[in-house]
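Student: The structure is given below, and queries will be raised subsequently.
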Amino acid sequence: MKRWETEGIVELEDLRLPSEEQLKKGTFRVNLYFKPNQIPIKKGECLGFSGRSGIKYPHLHFEMRDPQNRPINPLLHGIDLQDTTPPKITEFLLRPIGPHSKVLGGYHYQIFQLQYNPSSHIYIYSVPIQVTGQIGIEVKCYDLADAANNPLNPYRLSLLVNDTLYFRTTYQQFSYAKTHQICLDRDFQCWFRGEGIFQRLYQTPGNSLPFYYTANQFKGIIISTTPGPKEITIKVEDVKHNFSTAKFKLLFNQPPAISNITYSSDSTLKIEAKSEKGDTIQNCQVLYSSD
0 MKRWETEGIV ELEDLRLPSE EQLKKGTFRV NLYFKPNQIP IKKGECLGFS
50 GRSGIKYPHL HFEMRDPQNR PINPLLHGID LQDTTPPKIT EFLLRPIGPH
100 SKVLGGYHYQ IFQLQYNPSS HIYIYSVPIQ VTGQIGIEVK CYDLADAANN
150 PLNPYRLSLL VNDTLYFRTT YQQFSYAKTH QICLDRDFQC WFRGEGIFQR
200 LYQTPGNSLP FYYTANQFKG IIISTTPGPK EITIKVEDVK HNFSTAKFKL
250 LFNQPPAISN ITYSSDSTLK IEAKSEKGDT IQNCQVLYSS D
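Numbering that gives the first Met the number 0 puts the sequence shown at residues 0 to 290.
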């Protein structure tokens, strides 16, 4: 790496260059590009003390950039940390895309809690989910490291449909010129509503971030024109190849059928419904009129 940038490194009292540059430019935030051996240091030498503002944990902002001045993942370029802890996956979200798409019979997105199965080491949602039309999948997850308690962003997210790679996000590098697009990579609507950070496993219009691989022109949005199930797998990895997996099933264009309706003398209306394969019915909506 021929040049690197330090950003927001505070409390380095013995390093005069940042203060001189701040006074010169009249700004707190400055970019410094050092020449080889300009500031000699020795292994084990204390450089300073980190603060804890912003994310409440003591931390140091450290960046590595390529010759085009784009931030790159330092863990892929010689910065090695011990890490044997796999990422965590807590929830997933299904979002109907388009006017004729539904999840559980409704037009609004639905959030589902995952359960960890210790015997298979897989996060699962066991009940098939009824969907129609075009569906976008999002996941709430985070990475952990052996020597840190704070949550980290995973390195790679993969979406598989029927065990075939369908969409993938890999965080290797990106330009600050596209920072405003991060709310297209994450679901800003859920974050604004206090539902947490969900990362999209599909590419929305206007998103030109360089993170994505897609197997077809649908850019991660799952579309099925024929009725039937689709096995969904989400794989979340860190840079040390630790990973976690979540699995669930989508049942496309196959709504349950009403098999029997009875009305008893005590004004109880009983509706029996079943799917073609006898799967459990998750959601029942009854519309009635006073007439």
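A virtual CB, placed ideally from N, CA and C, is assigned to each residue, including glycine.
#1: Taking the beta carbon of residue 211 as the centre, do at least 16 other beta carbons fall within 10 Å, making it buried, or is it exposed?
#2: When the Cα of residue 133 is compared with those of 155, 105, 157 and 119, which residue comes out closest?
#3: Here's a check: name, in chain order, each residue in its chain whose Cβ is nearer than 7 Å to the Cβ of residue 222, leaving out the five neighbours to either side.
#4: Under the rule that 16 or more other beta-carbon atoms within 10 Å means buried, what is residue 184, buried or exposed?
#5: Does the distance from the C-beta atom of residue 251 to that of residue 229 stay below 8 Å?
#6: For a test of the three-state rule: what should DSSP assign to residue 184, helix, strand or coil?
#7: Nearest to residue 98 by CA position, among 131, 84 and 68, is which residue?
#8: Ordered along the chain, which non-local residues of its own chain (more than five positions away) have a Cβ less than 6 Å from that of residue 108?
#9: Hey, could you find the ends of the beta strand (DSSP E) residue 197 is sitting in?
#10: Starting from residue 89 and walking both ways along the beta strand (DSSP E), at which residues does that stretch end?
#11: In whole angstroms, what is the alpha-carbon distance linking residue 181 and residue 245?
#12: Starting from the Cα of residue 100, find the closest Cα among 243, 41, 111 and 253 and give me that residue.
#13: Could you pull the DSSP bridge partners for residue 142 from this structure?
#14: DSSP puts residue 157 in a beta bridge; with which residues?
#15: Is residue 31 helix, strand or coil when you go by DSSP?
#16: Within a Cβ cutoff of 8 Å, which residues of the same chain sit near residue 152, ignoring the five residues on either side of it in sequence?
#17: Cα separation between residue 121 and residue 115?
#18: Suppose you measure from the CA of residue 84 to the CA of residue 240; what does that come to, to the nearest Å?
#19: How big is the Cα-Cα spacing for residue 129 and residue 136?
#20: Looking only at its chain, what residues have a beta carbon closer than 6 Å to the beta carbon of residue 197, apart from the 5 residues adjacent to it on each side?
Tutor: Put simply:
#1: Residue 211 sits at position 212 when you count from the first residue of the sequence shown. Result: buried.
#2: In the sequence shown, counting from the first residue as 1, residue 133 sits at position 134. Of 155, 105, 157 and 119, the smallest CA-CA separation from residue 133 is found for 105.
#3: Position 223 of the sequence shown, counted from the first residue, corresponds to residue 222. Excluding the 5 residues flanking it on each side, residue 222 has same chain C-beta neighbours closer than 7 Å at 133, in chain order.
#4: For the purposes of this step, residue 184 is identified with residue 185 of the sequence shown, where counting begins at 1. Classification for residue 184: buried.
#5: In the sequence shown, counting from the first residue as 1, residue 251 sits at position 252. In the sequence shown, counting from the first residue as 1, residue 229 sits at position 230. Taking 8 Å as the Cβ cut-off, residue 251 and residue 229 qualify as a contacting pair.
#6: In the sequence shown, residue 184 corresponds to position 185, counting from 1. Three-state DSSP puts residue 184 in a helix.
#7: For the purposes of this step, residue 98 is taken as the residue at position 99 of the sequence shown. Sorting 131, 84 and 68 by C-alpha distance to the C-alpha of residue 98 places 131 at the top.
#8: Counted from its first residue, the sequence shown places residue 108 at position 109. Cβ neighbours of residue 108 beyond the five flanking positions: 92 and 94.
#9: Your numbering for residue 197 matches position 198 in the sequence shown. Note, residue 197: premise wrong, no beta strand (DSSP E); not H, not E.
#10: By one-based count along the sequence shown, residue 89 stands at place 90. Its beta strand (DSSP E) spans residues 87-102.
#11: By one-based count along the sequence shown, residue 181 stands at place 182. By one-based count along the sequence shown, residue 245 stands at place 246. Rounded to whole angstroms, residue 181 to residue 245 spans 24 Å at the Cα level.
#12: Taking the first residue of the sequence shown as position 1, residue 100 is located at position 101. Out of 243, 41, 111 and 253, 253 has the C-alpha closest to the C-alpha of residue 100.
#13: Reading the sequence shown from its first residue, position 143 is the one you call residue 142. Answer by DSSP bridge pairing, in chain order: 151.
#14: For this step, residue 157 is matched to residue 158 along the sequence shown. DSSP output for residue 157 lists 167 and 234 as bridge partner(s).
#15: Along the sequence shown, read from residue 1 onward, the residue named residue 31 stands at position 32. The answer is strand: DSSP assigns residue 31 an E or B state.
#16: Walking along the sequence shown from the start, residue 152 turns up at place 153. Only 141, 142 and 170 meet the Cβ criterion.
#17: Counting from one through the sequence shown, the residue named residue 121 turns up at place 122. Counting from one through the sequence shown, the residue named residue 115 turns up at place 116. Looking at the two C-alpha atoms, the distance is approximately 6 Å.
#18: As a working note, residue 84 is residue 85 in the sequence shown. As a working note, residue 240 is residue 241 in the sequence shown. Residue 84 and residue 240 have their C-alpha atoms roughly 10 Å apart.
#19: Reading the sequence shown from its first residue, position 130 is the one you call residue 129. Reading the sequence shown from its first residue, position 137 is the one you call residue 136. A straight line joining the alpha-carbon of residue 129 with that of residue 136 spans about 14 Å.
#20: Within the sequence shown, the letter at position 198 stands for residue 197. For residue 197, where only same-chain residues beyond five positions count, the Cβ hits under 6 Å are 92, 137, 139, 186 and 189.
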